[in-house]
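Chemist: Below: one structure in C-alpha cells.
There are 2 protein chains.
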Amino acid sequence: MSTPQTGSRGGAVGIKEVAAHAGVSPGTVSNVLNRPERVADTTRARVEAAIRELGFVRNGSASSLRAGQGRTVGLMVLDLGNPFFTDLARGVEDVMSERGYAVILCSSATSAEREERNLRMLAEQQVRGVLVTPVDQGPDRLALLRERGVNAVMLDHPATRPHQCSVTVDDVSGGHLAVSHLLDTGARDIAYVSGPMSIRQCADRHAGALKALEAAGTGTLRHVIVPEMTPRAGQEAAWQLLGELPDAVFCANDLLAMGVLRALLQQGVRVPERVRLIGYDDIEYTTASAVPLSSVRQPTYRLGRISAELLLEECEDPDGHAHQQIMFQPELVIRESTAP
Amino acid sequence: MSTPQTGSRGGAVGIKEVAAHAGVSPGTVSNVLNRPERVADTTRARVEAAIRELGFVRNGSASSLRAGQGRTVGLMVLDLGNPFFTDLARGVEDVMSERGYAVILCSSATSAEREERNLRMLAEQQVRGVLVTPVDQGPDRLALLRERGVNAVMLDHPATRPHQCSVTVDDVSGGHLAVSHLLDTGARDIAYVSGPMSIRQCADRHAGALKALEAAGTGTLRHVIVPEMTPRAGQEAAWQLLGELPDAVFCANDLLAMGVLRALLQQGVRVPERVRLIGYDDIEYTTASAVPLSSVRQPTYRLGRISAELLLEECEDPDGHAHQQIMFQPELVIRESTAP
DNA sequence: TTCAGGACTTGACACGTTTTAATTCGGCAG
DNA sequence: CTGCCGAATTAAAACGTGTCAAGTCCTGAA
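Sequences listed follow chains A and B, in order. Those letters in the first sequence? Residues 1 to 340, by UniProt numbering. Those letters in the second sequence? Residues 1 to 340, by UniProt numbering.
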C-alpha cells in the first residue's frame, strides 16, 4: 500500500497528486496549465517534470465544468457520403487539431429530425461553437444553442441572422459560369439535373443557370429533379432524358454527373460530341472518368479551414470579433466533357 | 428581478431550477433522468413537464465528471480523404447517433506524432471508448488510454493485445483473390502498386499476392512503392512502369488504380487488352471510370457499424462482454478492366 | 532595522451533476 | 397502540479543476 496510486480508479492521476509530487499546491499546477507566465520558471519546470513523470492527463470534464467552456466544437454536415463535405471536414479537423480542439462530428443526413437531435447532443456536450450546414431554411433550430452562448458559423449557407458568421461559395455565379460555358460551346437545349429545390445549393445554381440564358438571350432549360444527389440518381435522370436528348447537361453535383455520364455512354451517346456534360464541385475522383469531366470548382478544403478559423476567432475573442459573411467565387474547370 | 432567470449565464437552466419548478429535490430530477423507474409516475410526469417548460439541457461536463464516464467516443482514422475511411466513419456515426453518443473525429493523417497528440486529446475528453486505425505496429500508444479504463476497438487492424476487440477484413485473402484473378486472365508479369510496406494493409495484400503466385506455380510480381495512396501517386507509379509494361497491375487502393488508369490511357495503352488493372476497396466513385474498374470489395459501411456496436457493448456491459476478433472476407468484383 | 511593494504561491470555495445514506410516510401485522 | 417494512423522496457529500482573495517570501529604500 505504499505505491503512489492515490488516484481513484485505474491509476488516474489528478492535479492533486501532481502537486504533491512537485511539492506545490494544486492551484499552482492549475496555473502552470492555464497561465504559465504567472509561475516562476523553476517552479514551472518542477511541475512540468511531475506531470511527465506521473503521466498526468487533465480531466476535460472537470475543467470544462469549472471554467464554463471546454475545448470542443461541433461540426454538422448534410451527408458524409459526399466528398464535398468530407473535404470540408478535413479542413476543419486539420485546423482544430492544430489548435488543440476536439471536433464532434455529426451528420444530419438531410433529416431535420436528426439535425435537431444532434444539436441537442452538442448542447449537452457543452461545445464551444458549432459549424453547421443546415438542412433547410425552416425554423431556427440553432436558437437552442445560441441561448446557451454557443457560437455558430454557417457552412456553405448564407447567414440567417443579422449578426452571424457564414462562409459560402457563390452558387448563383457557379450556375452562371457553367451554363454560359455550355452556351459558348454552341449548346441551346440544356438540361439541369439536381436534387430537390428545397436544397439551397440546387436552387441557387438553377437561378444562375437561368440568368446565363437570359444574358445570352437564347437557349432553353429543362429541369430534372431527383430525390438524392448520388451517381445512381444521376443514372436514372439520364434515362429520362434519353427520349429527347438535350445538347448539354448541367448537373448540380459531380456525383450526379458521373451517373449521367455512365448512362449516356452505355446507351452509345457520345460525350461531348452529341451531348456536353458539366458537373459541380470538381471532386478528385473524376480523375479517371471515361471522359474527363468539366466542372465548377469550389475551394472546399479551404472553406473548411477558413470557417474553422473564423469560429475559433469568435470563440476566443468574442469582443474583438466582427461577424463576417465570406463568399468565395467558384471557378470553371474545362475538360473534355464540354470540349468537342 | 422577479424573472425565473436563476441560471448563471445566458439563461442556462440547471437541474436545480427544474427541481424548484416541479416542487421536488434536485436528486429526484436526476433520478428521472437516469433511473426513471425509481420515481413515482405522477412525480415523473411533473418533472418531465418542468424540463420541457424550462428547456432544460443536461450539462454533460458535470454529468461526466461526477459519474466518471460520459457519452462520447473517439474515432481515429488514417486519412479523411479516403472514401474507405469516410464510409467507415459514416457507419460509426449512424450507430452512435442512434444510441445518443457523440463521436469525436480525429485523423492521424498517417502521422505517428499526430496520432499521439489526438489520443492524448481523447484521453482529456474522457471518452468512453475509442475506435482506432493505428498508424503503425510500433509502440503501443493506446496504453495511455487503457490505463485510464478506456475501451478500444481496433479498426481494420488485428488486435495487438491478447484480449482486445478488433474488426478487420482479410487483406491476405483480398490480395490472393485479386492476383489469382489476374493470373486467370492470362497475365504473368504482374505489378503491385502500393503505399509503404509499413502500412499493414499494403503488406498483407502483397503477401496474399505472393501466395497466389506460389499456388499457381507461375507468374512474377514487381513492386512499385509510392509514398501516398492517392490518384496522383498512382499516376506517377504508372509512369515508372511505362518503360517495360507488365501484363497486369494490382493496386492496393482504388485511388491508386484511378491514377494508374488515367496515366495508361493517356499514353495510349489499352486497358484491359494490353494491361489488366484491378484496384481495392470498390469505392463508389469508380462508377463512371473510363474503363469500369475491377476491384476487391470490402463491407466498409458495415465495418463501421459493427465495430461501433462492439465498442458500445464493451462499454455498457464490461463484464458480460467477450472480446472478439471479427474478420470479414472481401469479395472480388469483376468489371471491364480485367475482362478482355 | 523596518517597512513598502512586488513576485509567487496558497487555500478554499464553486461549477452542476450523481450517488449514498438518511428520512418520511402510509400501511399492516403483532 | 406500537413497531416495522418498503417505497418514494431528500439532504448532503463527493467528482477534479479554475479562480481569486489572502497569504508568504524576498528585495531594496528609508
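Even for Gly, the Cβ is constructed at its ideal location relative to N, Cα and C.
Helix or strand or just coil, what does DSSP make of G138(B)?
Modeler: In the second sequence, residue 138(B) corresponds to position 138, counting from 1. Reduced to three states, the DSSP call for G138(B) is coil.
Chemist: List, from N- to C-terminal side, the beta strand (DSSP E) runs of 3 residues or more that fit wholly inside the stretch 167-203 of chain B.
Modeler: Here the runs fully enclosed are 189-194.
Chemist: Does DSSP put I283(A) in a helix, in a strand, or in coil?
Modeler: Here residue 283(A) refers to the residue found at position 283 when the first sequence is read from its first residue. It is coil, neither helix nor strand.
Chemist: Report buried or exposed for L242(B), applying the criterion of at least 16 other Cβ atoms within 10 angstroms of its Cβ.
Modeler: As a working note, residue 242(B) is residue 242 in the second sequence. With fewer than 16 Cβ atoms within 10 Å of its Cβ, L242(B) is classed as exposed.
Chemist: Mind checking if V57(A) is an interface residue toward chain B, Cβ cutoff 8 Å exclusive?
Modeler: For the purposes of this step, residue 57(A) is taken as the residue at position 57 of the first sequence. Taking Cβ atoms only, chain B reaches closer than 8 Å to V57(A), which makes this a yes.
Chemist: Tell me which residues share the same chain as M1(A) and place their Cβ nearer than 6 Å to its Cβ, disregarding the 5 neighbours each side in the sequence.
Modeler: Locating residue 1(A) in the first sequence gives position 1, counting from the first residue. With a pLDDT of 30 at M1(A), under the threshold of 50, the predicted position of this residue should be treated as unreliable, and no value is reported.
Chemist: Nearest-angstrom Cα distance between R66(B) and S166(B)?
Modeler: For this step, residue 66(B) is matched to residue 66 along the second sequence. For this step, residue 166(B) is matched to residue 166 along the second sequence. R66(B) and S166(B): Cα-Cα distance of roughly 30 Å.
Chemist: Does the stretch 266-280 of chain B come within contact of the stretch 247-254 of chain B, defined as at least 3 CB pairs closer than 8 Å?
Modeler: With the cut-off at 8 Å, the stretch 266-280 of chain B and the stretch 247-254 of chain B touch.
Chemist: So with Cβ pairs under 8 Å, would you call M229(A) a contact of chain B?
Modeler: Mapped onto the first sequence, residue 229(A) falls at position 229. No, its Cβ sits nowhere closer than 8 Å to a Cβ of chain B.
Chemist: Would Q329(B) be called buried (16 or more neighbouring beta carbons within 10 Å of its own) or exposed?
Modeler: Taking the second sequence and counting its residues from 1, one reaches residue 329(B) at position 329. Its Cβ having fewer than 16 others within 10 Å, Q329(B) is exposed.
Chemist: For the beta strand (DSSP E) holding V275(A), just list the boundary residues, first then last.
Modeler: Start at 1 with the first residue of the first sequence, and residue 275(A) comes out as number 275. Counting along the chain, V275(A) falls outside any beta strand (DSSP E), and DSSP gives it neither H nor E.
Chemist: With 8 Å as the threshold, decide whether the Cβ of T6(A) is near any Cβ in chain B.
Modeler: Taking the first residue of the first sequence as position 1, residue 6(A) is located at position 6. Reliability fails at T6(A), whose pLDDT of 34 lies under 50, so the model's placement of it is uncertain and no value is given.
Chemist: Would you please verify whether the beta carbon of T72(A) is less than 8 Å from any beta carbon of chain B?
Modeler: On the first sequence, residue 72(A) is found 72 positions in, with the first residue counted as 1. At least one chain B Cβ lies under 8 Å of T72(A).
Chemist: According to DSSP, which residues form a beta bridge with M76(B)?
Modeler: Stepping through the second sequence from its first residue, residue 76(B) is reached at position 76. DSSP output for M76(B) lists C106(B) and V132(B) as bridge partner(s).
Chemist: Considering only DSSP beta bridges, list what N31(B) is partnered with.
Modeler: On the second sequence, position 31 is the one that residue 31(B) refers to. Answer by DSSP bridge pairing: none, since N31(B) is not bridged.
Chemist: Quick check: the Cα distance between D41(B) and V47(B), rounded to an integer number of angstroms?
Modeler: Taking the first residue of the second sequence as position 1, residue 41(B) is located at position 41. Taking the first residue of the second sequence as position 1, residue 47(B) is located at position 47. So the two alpha carbons sit approximately 10 Å from each other.
Chemist: So, with DSSP's three-state summary, where would you put F56(A)?
Modeler: Looking up residue 56(A) in the first sequence gives position 56. In this structure, F56(A) counts as coil in the three-state DSSP scheme.
Chemist: Would you check if the stretch 148-160 of chain A and the stretch 270-277 of chain A touch, i.e. whether three or more CB-CB distances between them fall below 8 Å?
Modeler: Verdict: no, contact absent.
Chemist: So is S25(B) buried or exposed if we call it buried at 16+ other beta carbons inside 10 Å?
Modeler: In the second sequence, counting from the first residue as 1, residue 25(B) sits at position 25. So S25(B) ends up on the exposed side.
Chemist: Determine which residues share a DSSP beta bridge with S61(B) and list them.
Modeler: Translated into the one-based positions of the second sequence, residue 61(B) becomes position 61. Answer is none; S61(B) lacks a bridge partner.
Chemist: By the criterion of Cβ-Cβ separation under 8 Å, what are the contact partners of I104(A) in chain B?
Modeler: The residue labelled residue 104(A) in the question sits at position 104 within the first sequence. By Cβ distance, chain B contributes T72, A102, V103, I104 and L105.
Chemist: With distances taken Cα to Cα, identify the nearest neighbour of G23(B) among N34(B), G259(B), R35(B) and A50(B).
Modeler: Position 23 of the second sequence, counted from the start, is the residue given in the question as residue 23(B). The residue with the shortest Cα to Cα distance from G23(B) is A50(B).
Chemist: Assuming contact is defined by CB atoms lying nearer than 8 Å, are A237(B) and L265(B) in contact in what I supplied?
Modeler: By one-based count along the second sequence, residue 237(B) stands at place 237. By one-based count along the second sequence, residue 265(B) stands at place 265. No, the pair does not count as a contact, with Cβ atoms beyond the cut-off.
Chemist: Which residue from R58(A), R120(A) and A216(A) puts its Cα closest to that of G14(A)?
Modeler: Taking the first sequence and counting its residues from 1, one reaches residue 14(A) at position 14. Of the candidates R58(A), R120(A) and A216(A), the one whose C-alpha sits nearest the C-alpha of G14(A) is R58(A).
Chemist: Inspect the beta-carbon positions of L122(A) and V135(A) and report whether they are closer than 8 Å.
Modeler: Here the question's residue 122(A) lines up with position 122 in the first sequence. Here the question's residue 135(A) lines up with position 135 in the first sequence. No. Outside cutoff.
Chemist: In whole angstroms, what separates the C-alpha of G304(B) from that of A339(A)?
Modeler: In the second sequence, counting from the first residue as 1, residue 304(B) sits at position 304. In the first sequence, counting from the first residue as 1, residue 339(A) sits at position 339. Rounded to whole angstroms, G304(B) to A339(A) spans 41 Å at the Cα level.
Chemist: Helix, strand or coil: which one does DSSP assign to N253(A)?
Modeler: As a working mapping, residue 253(A) is identified with position 253 in the first sequence. Coil.
Chemist: Just verifying my parser: in three-state terms, what is the DSSP assignment at M229(A)?
Modeler: Counting from 1 along the first sequence, the entry for residue 229(A) is found at position 229. Residue state, collapsed to three classes: coil.
Chemist: Beta carbons nearer than 7 Å to chain B: which residues of the stretch 263-287 of chain A have them?
Modeler: Going along the stretch 263-287 of chain A in chain order, one finds E284, Y285 and T287 with a Cβ nearer than 7 Å to chain B.
Chemist: For T3(B), count the other beta carbons within 10 Å of its own beta carbon; 16 or more makes it buried, fewer makes it exposed. Which is it?
Modeler: As a position in the second sequence, residue 3(B) is number 3, starting the count at 1. Low local confidence applies: a pLDDT of 35 at T3(B) is under 50, so the model's placement there is unreliable, and no value is given.
Chemist: Quick check: the Cα distance between A178(A) and H176(B), rounded to an integer number of angstroms?
Modeler: Numbered from its first residue, the first sequence carries residue 178(A) at position 178. Numbered from its first residue, the second sequence carries residue 176(B) at position 176. Distance between the alpha carbons of A178(A) and H176(B) is about 45 Å.
Chemist: Taking 7 Å as the cut-off, is the C-beta of A112(B) nearer than that to any heavy atom in the ligand HEM?
Modeler: No copy of the ligand HEM occurs in the structure displayed, which carries no ligand at all.
Chemist: Do you know how far the Cα of A212(B) is from the Cα of L255(B)?
Modeler: To locate residue 255(B), count along the second sequence from 1; it is residue 255. To locate residue 212(B), count along the second sequence from 1; it is residue 212. Distance between the alpha carbons of L255(B) and A212(B): 23 Å.
Chemist: Just verifying my parser: in three-state terms, what is the DSSP assignment at E331(B)?
Modeler: Here the question's residue 331(B) lines up with position 331 in the second sequence. Three-state result, E331(B): strand.
Chemist: Roughly how many angstroms separate the alpha carbons of A109(B) and R188(A), rounded to a whole number?
Modeler: For the purposes of this step, residue 109(B) is taken as the residue at position 109 of the second sequence. For the purposes of this step, residue 188(A) is taken as the residue at position 188 of the first sequence. Cα to Cα, the separation comes out at about 46 Å.
Chemist: Please work out which residues of its chain come closer than 6 Å, Cβ to Cβ, to M258(A), disregarding the five sequence neighbours upstream and downstream, and give them in chain order.
Modeler: If you number the first sequence from 1, residue 258(A) lands on position 258. The residues are P231.
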